[in-house]
Amino acid sequence: MQALPESRQQTFEEIYGPPENFLEIEVKNPQTHGSSPRNMYTSYEIHTRTNIPAFKLRHSVVRRRYSDFEYFRDILERESARVTIPPLPGKVFTNRFSDDVIEHRREGLQRFLQIVVGHPLLQTGSKVLGAFIQDPNWDRNDMARMIKRDDEQNDNWKRGLFASKSLKALFDSVFLFLSIELSTSSQHTERVGQAGMQRIEKFSALSRQRSTTPEVYTCMGCPAHTKDAWGTSFV
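For what it's worth, UniProt numbering labels the leading residue of the sequence shown as 1, then goes sequentially.
This is how it looks when you write it as structure tokens:
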């Protein structure tokens with residue numbers, strides 16, 4: 001009887017360490033900046049802990065304001081057409097810096113990031129996701145320039161594709177025209193050939209009839225003469 005293999009005892013790290021593809025993201029520590037209502041805004045810390053290879057850092061802390069989240073979401077929608085990007089918490093126009101409003105916005109921003117960062121297509125396909133949640137030097141103006149450059153490259157590619165398609169369509173049209181002309185010419189030649197053969201056959205039949213049927217010539221007071229098809233006269 002075959003002995004059962006001995007089970008391997010798990011190590012402490014395997015039991016209590018983070019699981020494979022671990023990802024945890026939090027939005028916390030809101031901080032209000034500015035001294036007058038016209039230039040005041042609130043920023044939030046984004047804490048990320050992960051062992052997913054798509055992200056460069058296992059642990060990071062960055063700070064972003066609400067308008068950064070808006071810009072980040074717009075970029076995600078532009079570059080990820082196959083993914084539905086969740087909404088951000090709505091804008092607030094009164095009591096924007098009250099504790100209740102700030103806490104409500106913090107919770108909404110955290111839910112937004114948890115959905116976005118946890119999506120596998122965005123983890124591997126987005127050019128801005130990792131930088132937004134981990135790069136302390138992230139700047140939306142740099143992102144705008146990068147997106148503009150990518151858009152120009154895409155436009156050039158589309159124009160090249162359109163030109164190649166137009167050239168192909170031109171070749172297809174010329175080929176179709178030549179095919180129709182050749183077909184029409186062939187049909188015309190065939191009709192002319194058939195008509196010519198019919199005339200030749202008719203002429204041959206007439207010639208055979210003339211060669212086998214003697215012609216009779218008569219004149220007043222003359223005996224009847226006959227001529228064969230070769231013009232020989234005989235009485």
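In this text, a Cβ means the ideal position worked out from N, Cα and C, and glycines have one as well.
Note that the structure is predicted; figures quoted are calculated from it, not measured.
Discussion item. Here's the rule: buried if 16 or more other CB atoms are within 10 angstroms of the residue's CB, otherwise exposed. What is Tyr41?
Written reply: Note on Tyr41: under 16 other CB atoms within 10 angstroms of its CB, so exposed under the neighbour-count rule.
Worksheet item: Grouping DSSP H, G and I as helix and E and B as strand, with all else coil, what is Gln9?
Response: Note: Gln9 maps to coil in three-state DSSP.
Practice prompt. Pull up the distance between the alpha-carbon of Arg38 and that of Arg96, whole angstroms please.
Written response: Each residue's Cα considered, the two are about 12 Å apart.
Discussion item. Quick check: the Cα distance between Glu45 and Asp100, rounded to an integer number of angstroms?
Written reply: For Glu45 and Asp100, the distance between alpha carbons rounds to 18 Å.
Worksheet entry | Local conformation of Leu121 per DSSP, three classes | Look at Leu121 here: in three-state DSSP terms it is helix.
Discussion item. My parser needs the alpha helix (DSSP H) runs of 4 or more residues fully inside the region 72-118; what are they?
Written reply: Runs of the alpha helix (DSSP H) inside the region 72-118: 99-117.
Discussion item. Could you pull the DSSP bridge partners for Val61 from this structure?
Written reply: Paired residue(s): His47.
Fill in: 8 Å contact criterion, which Val116 and Ile85 should meet: CB distance rounded
The Cβ separation is near 7 Å, so the contact holds.
Discussion item. For the alpha helix (DSSP H) containing residue 237, name the first residue and the last one.
Written reply: A query on residue 237 cannot be resolved here, the shown segment of the chain reaching from 1 to 235 and no further.
Item to complete: Would you decide whether Ile180 is buried or exposed? Buried here means 16 or more other CB atoms lie within 10 Å of its CB.
Response: Counting the other CB atoms within 10 Å of its CB gives Ile180 a total below 16, which places it among the exposed residues.
Worksheet item: Is Glu20 helix, strand or coil by DSSP?
Response: Here Glu20 sits in coil by DSSP.
Worksheet item: What does a CB cutoff of less than 6 Å around Glu24 pick up in its chain, not counting 5 residues either side in sequence?
Response: The answer, listed in chain order, is Arg49.
Worksheet item: Is it true that the CB of Pro89 sits closer than 8 Å to the CB of Leu109?
Response: Taking 8 Å as the Cβ cut-off, Leu109 and Pro89 qualify as a contacting pair.
Worksheet item: By a C-beta neighbour count over all protein chains shown, 10 Å radius and 16 as the cutoff for buried, is Gly118 buried or exposed?
Response: Under the 10 Å beta carbon count, Gly118 is surrounded by fewer than 16 other beta carbons and is classified as exposed.
Item to complete: Could you tell me which of Ala54, Arg149, Phe69, Lys148 sits nearest to Gln123, measuring between CA atoms?
Response: Measuring from the Cα of Gln123, the nearest candidate turns out to be Ala54.
Worksheet item: With 16 as the cutoff for other CB atoms within 10 Å, does Asp68 come out buried or exposed?
Response: Burial call: buried.
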